[in-house]
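Single-structure report; data block below.
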Amino acid sequence: MAAPKIKLYTNHGCPWAHRVHIALAELKLPFEEEIIDLKVPRTQEYLKINPRGLVPSLEFNGEILTESAVVSNFLADEFPSHLLPTSNAPGGALARAKIAFFADTFISKVNGNFFKALFAKGDDEVEAAVKEYVEQVVKEVEPLLTNAAPFFNGSDKLTQAEVLTGSFVLRLFTLPKHGLIPENILSDLSTKAPNFYRWGQAVSKHPSVTGIYDEEKIAAGTKERIAKLRAAA
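Going by this note's numbering, the first residue of the sequence shown is number 106, and it counts up by one from there.
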């Protein structure tokens with residue numbers, strides 16, 4: 106069988122596009138990459154590929170797919186692996202449902218609070234967002250990680266749960282040291298949500314998660330963005 110022709114339109118600073126990089130790394134798939142500059146208006150050429158102008162976009166054997174979860178899940182389905190069992194495998198449908206619920210819970214209940222804290226206008230807003238982040242992890246996510254070993258649902262390898270959340274977890278565990286978010290978010294999580302904290306440590310150190318991540322560049326770019334937003338306020 107001929108190898109698929111894969112081209113990824115991406116930006117290494119975008120946590121959503123980062124999801125697809127994690128999937129491709131775990132699946133060990135060769136691909137062509139084109140970096141899209143998100144600081145300037147998109148070219149007409151790229152808007153023909155993705156009219157929304159967002160990343161990631163994936164060209165797969167001539168077909169275009171967009172939206173990070175769609176692309177990541179497509180890759181996991183197209184190339185069955187440890188990431189995601191097939192639905193007709195024993196226990197496969199249940200495992201897939203658990204992964205989908207975990208990823209949805211993290212993104213819809215928890216993740217937004219991190220960015221609220223990151224881009225808050227004042228200390229009170231930051232503190233409130235950090236408190237809400239920790240509380241939602243304790244309530245919604247901590248119970249879902251009781252059997253992490255160290256990854257989701259007892260796995261010793263990354264799963265699709267980590268593909269869909271890893272880029273955000275990586276930022277959680279690295280950006281506080283740069284003064285972008287209070288460091289007590291991690292100390293609070295370590296005591297109040299130990300399952301999540303252990304899982305997050307393992308995720309944030311995995312080579313497939315850290316592969317494209319330039320911590321210093323991301324931190325500097327985030328500081329610049331925050332400064333611009335506050336100057337314009």
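In this text, a Cβ means the ideal position worked out from N, Cα and C, and glycines have one as well. As the structure is a prediction and not an experimental result, all values here were calculated from the model.
So, at 6 Å on beta carbons, what are the nonlocal neighbours of Ala128 in its own chain, with the 5 sequence-adjacent residues on each side left out?
Locating residue 128 in the sequence shown gives position 23, where the first residue counts as 1. Only Ser177, Leu180, Val268 meet the Cβ criterion.
Kindly indicate which residue of Ile286, Ser313, Val145, Val160 has the alpha-carbon position closest to the one of Glu138.
Indexing the sequence shown from 1 puts residue 138 at position 33. Ranking the options by Cα distance to Glu138, first place goes to Val160.
When the Cα of Phe136 is compared with those of Arg147, Tyr151, Cys119, Pro109, which residue comes out closest?
By one-based count along the sequence shown, residue 136 stands at place 31. Checking every option, the nearest Cα to that of Phe136 belongs to Pro109.
Quick check on DSSP: helix, strand or coil for Tyr302?
The residue labelled residue 302 in the question sits at position 197 within the sequence shown. Looking at Tyr302 - three-state DSSP - the assignment turns out to be helix.
Quick check on DSSP: helix, strand or coil for Leu143?
Against the sequence shown, residue 143 aligns to sequence position 38. DSSP places Leu143 in coil when its eight states are reduced to three.
Using a 10 Å radius around the Cβ and a threshold of 16 neighbouring Cβ atoms, would you call Gln149 buried or exposed?
Taking the first residue of the sequence shown as position 1, residue 149 is located at position 44. The residue is exposed, with fewer than 16 neighbouring Cβ atoms inside 10 Å.
I'd like to check one pair, Ala307 with Pro248: are the Cβ atoms closer than 8 Å?
Mapped onto the sequence shown, residue 248 falls at position 143. Mapped onto the sequence shown, residue 307 falls at position 202. No.
Using only the heavy atoms of the ligand FMN, determine whether one of them is closer than 7 Å to the beta carbon of Ser309.
The model depicted lacks the ligand FMN and carries no ligand whatsoever.
Quick check on DSSP: helix, strand or coil for Leu134?
As a first step, residue 134 must be located in the sequence shown, where it is residue number 29. Three-state DSSP puts Leu134 in coil, outside helix and strand.
From this set, Phe224, Phe211, Thr251, which residue's C-alpha is nearest Gln241's C-alpha?
Residue 241 sits at position 136 when you count from the first residue of the sequence shown. Gln241 has its Cα closest to that of Phe211, out of Phe224, Phe211, Thr251.
Rounded to a whole number of angstroms, what is the C-alpha to C-alpha distance between His283 and Phe219?
Taking the first residue of the sequence shown as position 1, residue 283 is located at position 178. Taking the first residue of the sequence shown as position 1, residue 219 is located at position 114. Answer to the nearest angstrom: the Cα atoms are 15 Å apart.
Which residue wins for smallest C-alpha separation from Ala324, given the options Pro120, Lys112, Thr115, Ala107?
Translated into the one-based positions of the sequence shown, residue 324 becomes position 219. The candidate whose alpha carbon is nearest that of Ala324 is Pro120.
Identify which residue in Lys144, Gly316, Leu277, Val314 has its Cα closest to the Cα of Tyr302.
For the purposes of this step, residue 302 is taken as residue 197 along the sequence shown, with counting starting at 1. Among Lys144, Gly316, Leu277, Val314, the Cα nearest to that of Tyr302 is on Leu277.
DSSP three-state label for Lys153, please.
For the purposes of this step, residue 153 is identified with residue 48 of the sequence shown, where counting begins at 1. In the structure shown, Lys153 sits in a helix (DSSP, three-state: H, G or I).
If you drop the 5 nearest sequence neighbours on each side, which residues of the same chain put their C-beta closer than 8 Å to that of Val239?
Counting from 1 along the sequence shown, the entry for residue 239 is found at position 134. These residues qualify, in order along the chain: Ile290, Asp293, Leu294, Lys297, Ala298.
Could you check which residue in Ile141, His126, Arg330 has the C-alpha nearest to that of Lys226?
The residue labelled residue 226 in the question sits at position 121 within the sequence shown. The candidate whose alpha carbon is nearest that of Lys226 is Arg330.
Using a 10 Å radius around the Cβ and a threshold of 16 neighbouring Cβ atoms, would you call Ala107 buried or exposed?
As a first step, residue 107 is located in the sequence shown; it is residue number 2 there, counting from the start. Classification for Ala107: exposed.
Express the C-alpha separation of Asp228 and Leu199 in angstroms, rounding to a whole number.
For the purposes of this step, residue 199 is taken as the residue at position 94 of the sequence shown. For the purposes of this step, residue 228 is taken as the residue at position 123 of the sequence shown. C-alpha separation (whole angstroms): 43 Å.
When you compare only the Cα positions, how much space is there between Tyr318 and Gly271?
In the sequence shown, the residue the question calls residue 318 occupies position 213. In the sequence shown, the residue the question calls residue 271 occupies position 166. Distance between the alpha carbons of Tyr318 and Gly271 is about 11 Å.
In three-state DSSP terms, what is Ile169?
What you label residue 169 is simply residue 64 of the sequence shown in a count that begins at 1. Ile169 falls in the strand class under three-state DSSP.
In chain order, which beta strand (DSSP E) runs of at least 3 residues are fully inside the region 220-269?
Within the region 220-269, no complete beta strand (DSSP E) run reaches 3 residues.
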